[in-house]
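Step one of this worksheet: look at the structure below.
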Amino acid sequence: MNNLLTVNNLSKTYKSGRGVRDVSFELQGGTILGIIGLNGAGKTTLLSCLTGFMEWDTGNILYTLSGKTYDNINKAPKILEDLGVLTTEYGFPPQFTAKTVNAIMSNIYQSWDKKKFFELLKELDLDPTVKVQKFSTGMKTKLGIAIALSHQAKILFLDEATNGLDVKASAKVREILYNHVADGENAIILTSHIMGEIERMSDAIMFIDDGNMKFNLNKDDLLHAYKAFAITAETLSKVDKQDVVKIKKDGYRIRVIAKEPKTFAKKYMLEPEVLPLDTIIEMFLEGEDLV
0 MNNLLTVNNL SKTYKSGRGV RDVSFELQGG TILGIIGLNG AGKTTLLSCL
50 TGFMEWDTGN ILYTLSGKTY DNINKAPKIL EDLGVLTTEY GFPPQFTAKT
100 VNAIMSNIYQ SWDKKKFFEL LKELDLDPTV KVQKFSTGMK TKLGIAIALS
150 HQAKILFLDE ATNGLDVKAS AKVREILYNH VADGENAIIL TSHIMGEIER
200 MSDAIMFIDD GNMKFNLNKD DLLHAYKAFA ITAETLSKVD KQDVVKIKKD
250 GYRIRVIAKE PKTFAKKYML EPEVLPLDTI IEMFLEGEDL V
């Protein structure tokens with residue numbers, strides 16, 4: 000697989016103290032990377048830096064696209080031809096139609112593919128003559144995806160890629176996105192508040208908590224790296240906080256994610272629970288640190 004994106008120690012901090020700190024990762028062709036985190040964790044800040052919408056403080060972002068390496072997205076506008084971006088904010092005036100959007104985009108992107116755009120509109124069941132003001136949230140999402148995929152972008156950045164979509168439309172969008180990375184030349188970075196979508200679509204999952212990247216792992220490896228244990232309040236009182244990544248209490252039930260599952264199981268004489276990935280992710284998102 001070819002490496003399309005390398006991020007080294009990327010940091011962006013606001014006056015409030017929020018932002019992202021020392022984020023490092025690589026993105027290879029053929030990969031769908033899902034980013035999870037609570038609201039305000041830094042997901043949108045990270046995407047904004049990666050797509051050139053925001054200046055970062057320290058670190059660097061390297062793109063290797065079409066055989067060339069770029070070390071500053073803001074000094075190389077050509078990169079934007081190879082990036083497709085979908086955000087939850089739609090900037091088109093309400094009187095625009097998809098036909099109008101096509102006319103505008105054909106003058107923005109040198110590689111704009113009109114035929115593909117209208118094929119995607121048909122595939123996504125969007126009428127190109129209907130005004131945006133009549134679009135539902137899901138229809139706007141589908142329009143954004145059609146735009147992102149119609150200028151031969153190597154990397155797609157999708158913020159809430161299935162926002163407002165029903166089950167049938169979500170399945171169609173997943174199929175289209177899978178096809179985009181099938182040849183191993185392209186990649187996708189996506190965020191979603193729907194954990195099932197992240198689990199279903201992603202090859203790898205990154206977790207950002209309070210601006211810090213806690214992990215970036217292959218989906219299958221994630222289940223092996225972090226295991227949950229059901230424990231009693233008495234056992235919890237004896238657990239060394241250094242042995243635990245997260246703790247979640249649901250009524251009388253207490254679960255912890257162990258830092259070193261094998262060591263934890265032996266030390267406290269416990270067996271790990273077999274939990275689905277979305278439950279593990281939920282524990283990272285909603286669990287607390289043991290203090």
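So for the sequence shown, numbering that gives the first Met the number 0 puts the first residue at 0; every next one is plus one. Ideal placement from N, C-alpha and C gives every residue a C-beta, glycine not left out. The structure presented is a predicted model; accordingly, all values stated were derived computationally and were not measured.
Under the three-state DSSP convention, the category residue i falls into
i	result
Asp124	coil
Met212	strand
Ala227	strand
Ala152	coil
Ala168	helix
Lys258	coil
Asn8	strand
Asp288	coil
Ser236	helix
8 Å Cβ cutoff met for residue i and residue j
i	j	result
Met205	Met194	no
Glu159	Leu276	no
Glu285	Lys240	no
Leu64	Leu3	yes
Ile280	Ile35	yes
Ser191	Thr161	yes
Phe24	Asn185	no
Leu125	Lys141	yes
Thr12	Asp202	no
Asp288	Lys245	yes
Spatially closest choice to residue i from the options, by CA coordinates
i	options	result
Glu270	Glu233, Lys67, Ala227	Ala227
Thr44	Ser10, Gly66, Leu61	Ser10
Val129	Ile154, Glu54, Ala97, Ser201	Ala97
Met268	His179, Pro260, Ser23	Pro260
Ile107	Asn71, Met138, Ala147	Ala147
Arg20	Ile35, Gly29, Ala40	Ala40
Ile188	Asp182, Ala181, Met200	Met200
Gly264	Ile31, Asp249, Leu37, Ile230	Before going further, note that residue 264 is Ala rather than Gly in the sequence given. Closest by alpha carbon: Ile230.
Lys258	Thr30, Val243, Glu281	Val243
Asn7	Phe134, Asp56, Leu164	Asp56
Thr5	Tyr62, Ala232, Ala224	Tyr62
Lys171	Val238, Thr140, Leu123, Gly143	Leu123
Asp249	Lys237, Glu174, Ala232	Ala232
Ala224	Val273, Thr136, Glu196	Val273
Ala196	Gly163, Ala152, Asp220, Val180	The residue you asked about is not Ala; residue 196 is Glu in the sequence shown. Out of Gly163, Ala152, Asp220, Val180, Gly163 has the C-alpha closest to the C-alpha of Glu196.
Glu80	Leu221, Thr68, Ala152	Ala152
Bridge partner(s) assigned by DSSP for residue i
i	result
Ala203	Leu32, Asn217
Glu272	Ala227
Val243	Ala257
Ala186	Ile154
Arg173	DSSP output for Arg173 lists no bridge partner at all.
Asn2	Gln27
Asp249	Arg252
Can you give, in chain order, each stretch of the beta strand (DSSP E) that sits fully within the region 11 to 85 and has at least 3 residues?
-> With a minimum length of 3 residues, the unbroken runs of beta strand (DSSP E) contained wholly in the region 11 to 85 fall at 18 to 27, 31 to 35, 57 to 64, 67 to 69, 82 to 85.
Entirely enclosed alpha helix (DSSP H) segments - the region 93 to 141, minimum 4 residues = Counting only runs of 4 or more, we get 97 to 107, 113 to 122.
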